[in-house]
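Single-structure report; data block below.
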Amino acid sequence: MRDGLDHRQEINRMLKTIVRKELQENLYSYRFPLFAIICILLVPLGLYVNNLNYIKSVRDYNEQMRLADEAVASIQMQDVMAGKIAIKGFRPPALLSVFSQGFEGALPRFYEFTPDGYTPGESSSGEASILSVQGKIDFVFLIQMVLSLVGLLFASDVIAGEKESGTLRAMLSNSLPRDTILVGKITGGYLALWFPFIIAFLLGIVLLLVRAFPLFVGDTLARVLSVFLAASLFILIYFAIGSMISSSSSKTRTSLIVILLVWVSFQLVIPRVSDMAADVIYPIRTETQVSLEKSILAKSIDTETSRELGRRYVLIYGNEGSPGRGDKTTPEDVKWDAVKKEIESNARERKAQQVKQIDDAYGREKRIRQNIATNLSLFSPSAAFARLLADVCGTGEIARRKYGEAIKDHAQALDTALFSRAKRTIIALPGGKTSLSFSIQPIDVKALPKFTIAPTSLAEAFKEDWASLLSLAFWLIAPFAAAYVRFLRYDVR
Amino acid sequence: MAMLNMVLKADDLSKRYEDGVLALDHLNLGVRPGEVYCLLGANGAGKTTTINLFLNFIPPTTGTCYIKGIDVTKDPLEAKKYVSFVSENVMLYGNFTARQNLEFFAKLGGKTNLAKEQYYQVMRRVSLQEKAFEQRVKTYSKGMRQKLGISIAIIKDAPAILLDEPTSGLDPKAAEEFLEILTELKSEGKAILMSTHDIFRAKEIGDRVGIMKEGRLVMERTREDLQFEDLVKIYIDYMKSEPLTA
Amino acid sequence: MTWTIVRKEIIANLLSYKFFIAILLTTLLLFTSFFVLYKDYKGRLADYELVRAKPGEPIAVLPPNPLSIFAKGLDEAMTRSFEVSRIGIAVFAGQKSGNIIFAFFPTPDFVYIVKVVLSLVALLFGFDQVSREKESGVLRLMLSNSVSRAKILAGKWLGNFLSLSVPFLLVTLLGFALMNLDPGVSFPASSIGRFFLLVLTALIYIALFLSLGIFVSALTRRAASSLVILLLIWTVSVFVVPNLGTLLARQMVDVPSVKALSEKQDQVWTREVLELILESRAKNGRGTGDIAKNHFDAINRELNQMEEDYRNKFDRLVRLSKNINRLSPAASFVYASTELAGTGIGEESRLKENVLRYKDSVLPNLERGEKQAAAFAYRYRSVGQVLAQGGLFDLTWLVFFNILFFAMGYVAFVRYDVR
Chain X
52 MRDGLDHRQE INRMLKTIVR KELQENLYSY RFPLFAIICI LLVPLGLYVN NLNYIKSVRD
112 YNEQMRLADE AVASIQMQDV MAGKIAIKGF RPPALLSVFS QGFEGALPRF YEFTPDGYTP
172 GESSSGEASI LSVQGKIDFV FLIQMVLSLV GLLFASDVIA GEKESGTLRA MLSNSLPRDT
232 ILVGKITGGY LALWFPFIIA FLLGIVLLLV RAFPLFVGDT LARVLSVFLA ASLFILIYFA
292 IGSMISSSSS KTRTSLIVIL LVWVSFQLVI PRVSDMAADV IYPIRTETQV SLEKSILAKS
352 IDTETSRELG RRYVLIYGNE GSPGRGDKTT PEDVKWDAVK KEIESNARER KAQQVKQIDD
412 AYGREKRIRQ NIATNLSLFS PSAAFARLLA DVCGTGEIAR RKYGEAIKDH AQALDTALFS
472 RAKRTIIALP GGKTSLSFSI QPIDVKALPK FTIAPTSLAE AFKEDWASLL SLAFWLIAPF
532 AAAYVRFLRY DVR
Chain Z
-3 MAMLNMVLKA DDLSKRYEDG VLALDHLNLG VRPGEVYCLL GANGAGKTTT INLFLNFIPP
57 TTGTCYIKGI DVTKDPLEAK KYVSFVSENV MLYGNFTARQ NLEFFAKLGG KTNLAKEQYY
117 QVMRRVSLQE KAFEQRVKTY SKGMRQKLGI SIAIIKDAPA ILLDEPTSGL DPKAAEEFLE
177 ILTELKSEGK AILMSTHDIF RAKEIGDRVG IMKEGRLVME RTREDLQFED LVKIYIDYMK
237 SEPLTA
Chain A
15 MTWTIVRKEI IANLLSYKFF IAILLTTLLL FTSFFVLYKD YKGRLADYEL VRAKPGEPIA
75 VLPPNPLSIF AKGLDEAMTR SFEVSRIGIA VFAGQKSGNI IFAFFPTPDF VYIVKVVLSL
135 VALLFGFDQV SREKESGVLR LMLSNSVSRA KILAGKWLGN FLSLSVPFLL VTLLGFALMN
195 LDPGVSFPAS SIGRFFLLVL TALIYIALFL SLGIFVSALT RRAASSLVIL LLIWTVSVFV
255 VPNLGTLLAR QMVDVPSVKA LSEKQDQVWT REVLELILES RAKNGRGTGD IAKNHFDAIN
315 RELNQMEEDY RNKFDRLVRL SKNINRLSPA ASFVYASTEL AGTGIGEESR LKENVLRYKD
375 SVLPNLERGE KQAAAFAYRY RSVGQVLAQG GLFDLTWLVF FNILFFAMGY VAFVRYDVR
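Chains X, Z and A supply the protein sequences, listed in that same order. Under the working numbering, think of the first position of the first sequence as 52, with each following residue one higher. Under the working numbering, think of the first position of the second sequence as -3, with each following residue one higher. Under the working numbering, think of the first position of the third sequence as 15, with each following residue one higher.
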């Protein structure tokens, strides 16, 4: 005898009543202003501070590029042949590091390329690291560490508090289905958190725009929007988890304690344990070690080559000949040139091949270890969130990987364009004498390849981080489902 | 007894909890419109369990509760449309004013689109002080909370009202005022089921009085009966007598 | 009488699941931290063996500090390699283990765990000390006996502090002892004393938060309210204020950027070289050697002056930010512990000074074309020096917070309405 549509309308009406009541209740209590203060204090602050850092890094980067370019333009042939050239490749600071620092402060700012290979430069300006001995606050950190906690806490008496004050019984003595109550309370409670967050975020954006942040260039807007949505989702997830805990306990105090312990586990224990476990399961060498391995290899090949050259030299010129060049080009000279070229190009190929082998093996090692650590840590929604956002902002694992690839590519390119063209070769003659031989090819210093890192599109980031998205989705749905089930069977007496 | 127009009906109601305790033992009870039924008994006799069963807070082991002929376990949402509940410690939202609490519960009870003046009227009717209307209820005394609780019941305008120890902890004047309101509601045709310790007031206001002991309704008397019998004596005698389940 | 209360508090804690969960968590975190950083240290030590200066090379590089296992501080910055050459000092990344993951989440060293987690745990123990007992009416019962409120408060404080600190000490000392067993990680005798001072500082810090928790507990009627207030305070003092100081200081002290510095360097070079050319032309090529030397000396002097200027400004920035940050006990704690461990700001700047002095001593030889340069040697400051240069101030500051919160808690409790 009940009209289906009427019934649904009635339910919707009651839902709206409950949502409004929740919002009002939160506004009147000390919570809302508390959360609002925390949000509005921290979020814009974090964005502002990191933007200042970013602006400074960009200035420094531009300056260092200019200096490096000048250095390159003034390269002398002798230096190249003496093997005393070092060319630096700089990593541009990431624009969206304003939101997520990620690896930004830990990756080397530059790499130095020499004929023997490449070495990492220092990672952040000493100055920045000193000031950050207290820790850093970036947007992701704030959401992850602080707002998550606050969200959990405010959810702590979504159910438990009402039980305690018995208003739940009062509500249930009306013709009101339980799931409507739950949905209404969670929606109302979350909205009371979301509105201040939106305000804080917008305020932060305004502060950025004041400093000429290029929000509307390229896909920056899309990324910033993704960051906002992900953060909103993240707060919702923790609110849901808090609600679930709340609907499982009868006293606010109990649920508060459980919430705190859950928070500590998610934020601090799981990420550490997963990295540590990855280290234990799959330990790998350090970058310095690999770097050294490569230069040792290079040197040994060089030694071999010079001995081989010496041998062949003697074969061509006989024991008496010295590698001076007279005015005339003798037939031996012609032969020698051809032989030398062949030997050197073989050596170069061999070197490149073996270096590549080492690099590939190390790259594989790193990737496996990284995958283990990542997959273990994704159990924590917090870790999933941080990783996803870092990749969206270009300071995450993808950026690190692409940096590594760019380095390798550039090393090869430089080798072809510069280092191999002007070489001073040492020839080890039998009998212990060494002599020098020079080979010079024209080098166009202006046409030297520039160091570039392949950009990552937003779609790419999402595709790679599908596991993080899955983890977040799970942590959104599961607590709601659990809260639903528990609340529906909850004993209100 | 005409069972047909009973607004509240408990039919052979029994409840055994998980720990084995038999809280209710084949209870049969009915309240007609315009009638006040007072349920007396010691702590643990089963009064609150009865009310909880009517409100479907717990399921019965056997038997059925009916509100306006609707089986409470089969269609709880429909049944609850016809009942109002005032608990012993009236539960309100402390940070809201009286009017805001009233408004919220009114809407839940299906009464939307009421004007502020209508809320005020109801609160005046229960003799709540005018200046308290827009004060936060966490500042209220117990008596004021009870009044607000009953005004929530009034505004829902349901045919049945359940009250759990409504006058406990109230000073005599406040209790008297409360009972006046109940009498008014009774004359409006509401069926009222009230559990209480207060023998004296039960005698005053109850059209029928039932005494519960260890989950059973051991005695039921009408107002006429009680003119000739001393309820106090009966009650204390029963309390002092041997336990039924000896 | 007080001891009765102390005993009751300890037993009540032992019987509560909250205590066990908190202790379990702390233990898990601490052991994880020790293990991870211990491996990190060994990795960095192995790296150091690879990049250390070979005899004669003008390179200044420090081995990693074993106490960095507990207080990472600026150890990574301090173990970079500084290569002296004619154009200046080239800085290279120091030793790193493959573990770059720390970049993602803050380094979970002992100091961090104490700073963030143990402060929270201490608050958890303190927040309901008064309000819970009031809610359950037990407080009234206690006070109906002839025991002063002061004794009750002291008993509560001591009972909870012991419940907190004893497990914490056990875990920490056990971890330290286990690590000491590994021959590859030998803690030199001097660092053992520092380690104990570090633990003492941690205890003072934990006590401070316990006092704060009890104080706020005596201000509210409901335990839930005190927890939320405490969490706000905790958030602000652990995360916000320590960074606020840096931000404000940056606005107030202007440190020249790399760009400005390099521009000035360019100017100096150009000017001196021009003058050099003019002078030698004037002298018709005679005495060029001396002229050149004069000008190069001038360049060196000016560059040194700029360096010093920069460092003075930077020091001012650091000092100002430190002083503002110190409003938060968490910041004070970090400063005190990192300085004690030898990985703090003070130690780092002293290292830089030494590196500069090394450069000054080695450069003339390099310019003369000598191939062999003297080796670089660095000695960490003694504990006395550490204390004198700010360590004692931070420690006293932490003790002051303790006394302040305890006193305020006492006053609040005495006026507490137990009805």
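Each residue gets a CB set at the ideal place from its N, CA and C atoms; glycine is no exception.
Quiz prompt | Closer than 8 Å to chain X by CB, A:F420 | solution = no
Quiz item: In or out: A:D311 buried (at least 16 other Cβ within 10 Å) or exposed?
Solution: For A:D311, the number of other beta carbons within 10 angstroms of its own is below 16, and it is reported as exposed.
Quiz item: Any idea what DSSP makes of Z:P162, helix, strand or coil?
Solution: coil
Quiz item: Where do the ends of the beta strand (DSSP E) carrying Z:T60 lie?
Solution: Unbroken beta strand (DSSP E) run through Z:T60: 58 to 63.
Exercise. Quick one: list the residues of chain A neighbouring X:R323, beta-carbon separation under 8 Å, in chain order.
Key: The answer, in chain order, is L43, T46, S47, V50, F119, P122.
Self-check item: Per-residue contacts from X:L118 into chain A (C-beta, under 7 Å)
Solution: S276
Quiz item: A:T352 and A:F182: beta carbons closer than 8 Å?
Solution: no
Quiz item: Could one say the Cβ of A:K53 lies closer than 8 Å to chain X's Cβ atoms, at least one of them?
Solution: yes
Practice problem: From the DSSP output, in three-state form, read off X:L527 for me. | Solution: helix
Quiz item: Based on Cα-Cα distance, which residue from X:V209, X:R229, X:T231, X:D388 lies nearest to X:Y241?
Solution: X:V209
Self-check item: Inter-stretch contact (C-beta, 8 Å, three-pair minimum) for the segment 331 to 343 of chain X and the segment 59 to 71 of chain A
Solution: yes
Quiz item: What's the gap between the Cα of X:L427 and the Cα of X:S519?
Solution: 11 Å
Quiz item: Cβ of X:Y364 within 7 Å of any heavy atom in the ligand NAP?
Solution: The model depicted lacks the ligand NAP and carries no ligand whatsoever.
Exercise. Output yes if chain A places a C-beta closer than 8 Å to the C-beta of X:T339; else output no.
Key: X:T339 counts as touching chain A.
Quiz prompt | Residue of Z:L189, Z:M190, Z:A149, Z:E173 minimising C-alpha distance to X:N225 | solution = Z:A149
Exercise. Please state if the CB of A:I220 and the CB of A:V128 are separated by a distance shorter than 8 Å.
Key: yes
Quiz item: Which residues share a DSSP beta bridge with Z:K209?
Solution: Z:K209 is bridged to Z:R212.
Self-check item: Z:C34 - containing beta strand (DSSP E), residue span
Solution: 31 to 37
Quiz item: Leaving out five residues before and five after X:L266 in sequence, what residues of the same chain have Cβ atoms less than 8 Å from its Cβ?
Solution: I256, L259, L260, L272, V275
Quiz prompt | C-alpha distance - X:Q60 paired with Z:Y115, whole-angstrom precision | solution = 24 Å
Quiz item: Taking any Cβ of chain X, which residues in the segment 22 to 43 of chain A have a Cβ under 7 Å from it, in chain order?
Solution: Considering only beta carbons, the part of the segment 22 to 43 of chain A lying closer than 7 Å to chain X consists of K32, I35, L39, L42, L43, in chain order.
Practice problem: Output the distance between the C-alpha atoms of X:Y169 and A:M266, rounded to the nearest integer angstrom. | Solution: 40 Å
Exercise. Check the Cβ of A:A345 against every Cβ in chain X and list those closer than 8 Å, keeping chain order.
Key: For A:A345, the C-beta contacts it makes with chain X under 8 Å involve Q185, in order along the chain.
Exercise. State yes or no: is the beta carbon of X:L244 nearer than 8 Å to at least one beta carbon in chain Z?
Key: no
Quiz item: Beta-carbon separation of Z:G211 and Z:Y33 under 8 Å?
Solution: No; because the gap between Cβ atoms is not below 8 Å, this pair is not in contact.
Quiz item: Along the chain, where does the beta strand (DSSP E) that runs through X:T165 open and close?
Solution: 161 to 165
Quiz item: From X:A434 to X:I88, what does the alpha carbon distance come to, in whole angstroms?
Solution: For X:A434 and X:I88, the distance between alpha carbons rounds to 26 Å.
Exercise. Go ahead and pull the three-state DSSP assignment for Z:N24.
Key: In the structure shown, Z:N24 sits in a strand (DSSP, three-state: E or B).
Quiz prompt | Below-8 Å beta-carbon distance, A:F253 vs any chain X residue | solution = yes
Quiz item: Using the beta-carbon of each residue, which ones in chain X are nearer than 7 Å to Z:Y89?
Solution: E76, T218
Self-check item: Pairwise C-alpha distance: Z:N24 and Z:S237
Solution: 22 Å
Exercise. Return the chain-ordered list of same chain residues with a C-beta closer than 6 Å to the C-beta of A:N113, the five sequence neighbours on each side being excluded.
Key: Residue confidence is low: A:N113 scores 49 on pLDDT, short of 50, so the model does not pin down where it sits. No coordinate-derived value is stated.
Quiz item: Between the beta-carbon of A:L334 and the beta-carbon of A:A391, is there less than 8 Å?
Solution: In this structure, A:A391 does not lie closer than 8 Å to A:L334 by Cβ.
Exercise. Mind checking which residues open and close the beta strand (DSSP E) that includes Z:R12?
Key: Its beta strand (DSSP E) spans residues 4 to 12.
Quiz item: Under the rule that 16 or more other beta-carbon atoms within 10 Å means buried, what is Z:E31, buried or exposed?
Solution: buried
Quiz item: Sorted by chain position, which residues of the same chain lie with C-beta nearer than 8 Å to A:E189's C-beta, five sequence neighbours on each side aside?
Solution: For clarity, residue 189 of chain A is Gly in the given sequence; the question names Glu instead. Only L44, F45, F48 meet the Cβ criterion.
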